[in-house]
Structures are given as structure tokens and as C-alpha cells.
Amino acid sequence: MKLINPNKPHLVIILSIFIGLPLISWSQPKRLKPPKRSSRIESVDNFVSHSFELYHKVFVYDSLTKAGIEIPAEIEDELIERAEIDADSLWQEVPDLLEEISDASVMKQAKATINLNKTKKALKFCLTAIKNYFTEPEED
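Each residue of the sequence shown is one higher than the one before, starting from 1 at the first, in full-length UniProt numbering.
Next up, the structure:
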């Protein structure tokens, strides 16, 4: 009869942790998905959709640059122009957004808050990615 060494299960767990940790740290961040349900407050839904359009553009650009793919200057300029248009449309939605949320029912306010919290995460990613690209030192 063979005796099983009691240290082998621990060894397997420790090895899998050491192998798995580097893979987790090198993986690309998960793409955020827009909220599935609308808040039924028009300005909030517009703000959320414009925010996720901007997020999609920044995420694609970030993914391509991290993968080492050279983006042509024409496409890069067009992406920047469209991102500026999306950012401007966000600023136009903010005044109506606050007013409509305060006038809505409690349930609509709750849905709007949940959707805006998801949007906040997407915009935070956009802000950090844009800061990284515009503040990195240029090489001569």
C-alpha cells in the first residue's frame, strides 16, 4: 500500500499561486460594460451613453498602444477630435442632469445613481489613460 505524502497538496497550491500571480498582474484590465437598464431620466441616460462612447474610444486606443501597435497619425488625430466632441457633449448634459434627478421619483433616482456610479468608473479610466499619454516624456 502506498502512503500519500501530506505535504504534496500544499506544494501544489503554493506552486499554482506562484505561477498564477504573474499572469494576473500582466493581464489587460476588463472592459467595463454600460448599464443594462436605463434610469428613464433622459439626461442621465444621454450622459451615460456619451460617457461610454468616450470610454470605448479611449479603451481601444489604450489597448492598441499597450499591444505595441503603431497607430497612424491621421487616425490618432481623428480619435482625439471625436473624443473632444464627446467630452463637450458631456459638459452640456451636466446642468440638466442634476435638475432632472432631483425632480424624479425615488426609484428613478436610485437607478440613475447606480448608472452614474458605473459611468464614474469609466470616466476615471479615461482620465488616467489620457493623463498617461499626455504626460509621458517625449523621446528625441
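Where is the CB? At the ideal position from N, CA and C, for every residue including glycine.
Cβ separation of arginine 40 and lysine 108, assumed to be a contact under 8 Å, to the nearest whole Å: As a working mapping, residue 40 is identified with position 40 in the sequence shown. As a working mapping, residue 108 is identified with position 108 in the sequence shown. With a Cβ gap of about 6 Å, arginine 40 and lysine 108 count as contacting.
DSSP three-state assignment for alanine 104, whether helix, strand or coil: For the purposes of this step, residue 104 is taken as residue 104 along the sequence shown, with counting starting at 1. Of the three classes helix, strand and coil, the one that applies to alanine 104 here is coil, per DSSP.
Extent of the continuous alpha helix (DSSP H) run through glutamate 53: By one-based count along the sequence shown, residue 53 stands at place 53. Per DSSP, glutamate 53 belongs to the alpha helix (DSSP H) from 42 to 66.
Buried/exposed call for phenylalanine 134, threshold 16 Cβ in 10 Å: Taking the first residue of the sequence shown as position 1, residue 134 is located at position 134. Exposed.
Cutoff 7 Å; reference aspartate 45; Cβ partners in own chain excluding five residues on either side: Counting from one through the sequence shown, the residue named residue 45 turns up at place 45. Apart from the 5 residues on each side of it in sequence, aspartate 45 sits with its Cβ closer than 7 Å to the Cβ of Ser38 and Ser39 in its chain, given in chain order.
Three-state class that DSSP yields for leucine 32 in the structure shown: For the purposes of this step, residue 32 is taken as residue 32 along the sequence shown, with counting starting at 1. Leucine 32: coil per DSSP, three-state reduction.
Helix, strand or coil at arginine 82 [DSSP, three-state]: Translated into positions along the sequence shown, residue 82 becomes position 82. In the structure shown, the three-state DSSP call for arginine 82 is helix.
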